[in-house]
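Visitor:
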Amino acid sequence: LGRRCLITPTDVAVSEQVNAMIAAAVNEFGRVDVLINNAGGGEDQLGKPLDKITDEEWRRGIDVNLSSQFYCARAVIPHMAGQRRGKIINIASGYGLRGEKHNYMYACSKGGVIQLTRSLALTYAEHNIQTNCIVPGIFPHNERLMKFFKGGKFIPIGRVGYDEDLGPLAVFLSSEASNHINGELLIIDGGGLAGGIIPTGVMPQLP
758 LGRRCLITPT DVAVSEQVNA MIAAAVNEFG RVDVLINNAG GGEDQLGKPL DKITDEEWRR
818 GIDVNLSSQF YCARAVIPHM AGQRRGKIIN IASGYGLRGE KHNYMYACSK GGVIQLTRSL
878 ALTYAEHNIQ TNCIVPGIFP HNERLMKFFK GGKFIPIGRV GYDEDLGPLA VFLSSEASNH
938 INGELLIIDG GGLAGGIIPT GVMPQLP
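Heads up: the sequence shown begins at 758 in the numbering used here, then just goes up one per residue.
1) If I measure Cβ to Cβ from residue 882 and keep anything under 6 Å in the same chain, skipping five residues before and after, which residues do I get?
2) At 3 residues or longer, what runs of the beta strand (DSSP E) sit wholly inside the segment 877 to 957?
3) Can you find the residues in the same chain that come closer than 8 Å, C-beta to C-beta, to residue 788, ignoring five residues on each side of it along the sequence?
4) Terminal residues of the continuous beta strand (DSSP E) containing residue 789?
5) CA-CA distance, residue 849 and residue 782?
6) Of the residues 800, 936 and 920, which one's Cα is nearest the Cα of residue 852?
7) Around the Cβ of residue 762, are there at least 16 other Cβ atoms within 10 angstroms (buried) or fewer (exposed)?
8) Out of 911, 942 and 891, state which residue places its alpha-carbon closest to the alpha-carbon of residue 920.
9) From residue 913 to residue 951, what distance separates their C-alpha atoms?
Right under this line is the structure:
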């Protein structure tokens with residue numbers, strides 16, 4: 758298709774590795790137009806009692822879910838500001854907007870992503886950088902979560918979300934068609950949050 762790609766294995770929770778990754782991309786392509794912050798983790802803490810979460814687990818979860826998005830934005834913004842154009846798309850979660858029993862780190866980190874999005878949007882709008890946040894609802898990635906959420910029957914549209922639901926939205930936010938959208942949360946959850954009907958039971962602890 759005439760497209761080039763560059764694969765750079767990176768632990769985005771480590772700022773030095775993030776800086777090296779962005780430097781490699783700029784060296785290869787000459788510029789950075791779009792950043793999608795999509796790293797996430799902490800599933801091992803879902804449903805885990807508060808007193809069973811170690812300091813290391815907490816810090817690692819915050820670093821992967823929140824600090825990584827800060828590190829990546831910090832690394833690309835000088836390039837985007839210099840070229841007077843850029844799109845930053847952060848991925849949060851509906852749990853960043855609402856609570857959940859035994860879901861401490863995940864809810865805190867995703868709520869932080871939402872506020873990071875707003876701060877970046879306000880600060881760098883003058884450099885023609887638009888920062889927005891996709892807020893997915895229920896997108897199960899294993900059978901245990903699919904069973905817990907009962908296939909999404911309680912969601913107004915009657916199903917959970919799939920990867921193909923997210924892709925087109927990210928493409929739109931990466932395009933010039935979204936130039937006047939900045940600092941927004943784009944909730945993609947089939948209407949779950951609109952009616953406040955997402956289950957609030959204890960999340961199943963993953964192995």
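We treat Cβ as the ideally placed atom computed from N, Cα and C, and that holds for glycine. The structure presented is a predicted model; accordingly, all values stated were derived computationally and were not measured.
Guide: Taking the coordinates as given:
1) The residues are 939.
2) With a minimum length of 3 residues, the continuous beta strand (DSSP E) runs that stay inside the segment 877 to 957 are 886 to 893 and 942 to 945.
3) Here residue 788 has 836 and 840 as same chain residues with Cβ atoms under 8 Å from its own Cβ, once five neighbours each way along the sequence are excluded.
4) Under the DSSP assignment, residue 789 falls outside any beta strand (DSSP E); it carries neither an H nor an E label.
5) Distance between the alpha carbons of residue 849 and residue 782 is about 24 Å.
6) It is 800 whose Cα lies nearest to the Cα of residue 852.
7) It is exposed - the Cβ of residue 762 has fewer than 16 other Cβ atoms within 10 Å.
8) Closest option to residue 920, judged by alpha-carbon separation, among 911, 942 and 891: 891.
9) Cα to Cα, residue 913 sits roughly 9 Å from residue 951.
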